[in-house]
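For reference, the structure discussed in these notes is given below.
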Amino acid sequence: MKSIYKIIPALLLTGLLLSAFTTATTKPVKCLIQMTNYSGEGAYLVVSLLDPTGAYEETLYVQGKDSEWYSEITAWWQFYGKRRPNIDAISGATISGGERTVTVLQIPEDKIDKGYSLRFETSVEDQEYYEDDIQFELTSENLKAKKEGKGFIRYVRMLPQ
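Going by our numbering, the sequence shown wraps up at 219, each residue one higher than the last.
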């Protein structure tokens with residue numbers, strides 16, 4: 059009987075340690091971004107995950123590699139600029155008017171259908187900044203949908219892998 063009292067804490071400790079090393083799984087979702095036919099410089103675009111209160115939780119993708127212009131994406135910069143994590147793996151070149159690009163977003167599965175949102179912010183040098191060019195709730199249905207933009211983005215189409 060005394061050995062059971064020794065085994066149970068050891069098993070609990072082992073389970074706790076193993077759960078600490080598990081990583082959140084992500085769902086790859088192809089994202090086609092079609093820009094409007096605006097004239098001017100290439101757009102800087104940020105895709106962010108927002109928590110249910112609307113606060114930034116994670117940067118999923120950045121279109122535009124010249125970091126000196128990141129501060130032009132004002133709302134995101136207030137989040138990103140404080141911590142400045144390395145975003146090289148999730149960034150690409152700017153995209154100009156009328157162009158389109160396809161990227162794969164890694165969506166945390168535990169955030170889908172839980173009140174989280176995706177926000178697409180855009181900014182073009184010497185032009186406007188759209189904090190919520192596109193913003194929608196992160197649901198299973200929306201991850202298969204086409205969403206219209208309000209600014210430099212004409213639309214995005216989400217395609218689960």
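For glycine and all other residues, C-beta sits at the position ideal for the given N, C-alpha and C. Since we're looking at a predicted model, the values are computed, not measured.
Going along the chain, which residues of its own chain have a beta-carbon closer than 8 Å to the beta-carbon of residue i, five neighbours each way excluded?
| i | result |
| --- | --- |
| residue 139 | 128, 129 |
| residue 151 | 100, 121, 122, 123 |
| residue 204 | 213, 214, 215, 216 |
Can you give the Cα-Cα distance for residue i and residue j, rounded to whole angstroms?
| i | j | result |
| --- | --- | --- |
| residue 208 | residue 83 | 31 Å |
| residue 216 | residue 187 | 23 Å |
| residue 87 | residue 105 | 13 Å |
| residue 117 | residue 194 | 15 Å |
| residue 85 | residue 214 | 17 Å |
| residue 89 | residue 196 | 14 Å |
Using only CA atoms, which one of the options lies nearest to residue i?
| i | options | result |
| --- | --- | --- |
| residue 101 | 202, 215, 195, 183 | 183 |
| residue 103 | 112, 211, 136 | 211 |
| residue 169 | 181, 148, 201, 189 | 201 |
| residue 219 | 131, 160, 194 | 160 |
| residue 94 | 107, 154, 197, 125 | 154 |
| residue 119 | 149, 126, 113 | 149 |
| residue 137 | 157, 158, 112, 156 | 112 |
| residue 165 | 126, 185, 198 | 198 |
So, for residue i: in the same chain, excluding its five sequence neighbours on each side, which residues have a beta-carbon less than 7 Å away from its beta-carbon?
| i | result |
| --- | --- |
| residue 109 | 115, 174 |
| residue 191 | 178, 179, 180, 207, 208, 209, 210, 211 |
For residue i, I'd like the list of residues in its chain whose CB is within less than 6 Å of its CB, leaving aside the five on either flank, ordered along the chain.
| i | result |
| --- | --- |
| residue 133 | 189 |
| residue 92 | 158, 212, 213 |
| residue 162 | 86, 88 |
Legend entry - Length at least 3, wholly inside the segment 166-191: the beta strand (DSSP E) runs in chain order: 175-182
Legend entry - the segment 91-99 contacting the segment 169-176, beta-carbon criterion three pairs below 8 Å: As far as the Cβ criterion goes, the segment 91-99 does not touch the segment 169-176, which means the pair count is below three.
Inset, instruction - Within the segment 97-141, note down every full alpha helix (DSSP H) run reaching 4 residues or more, in order along the chain. - result: 132-141
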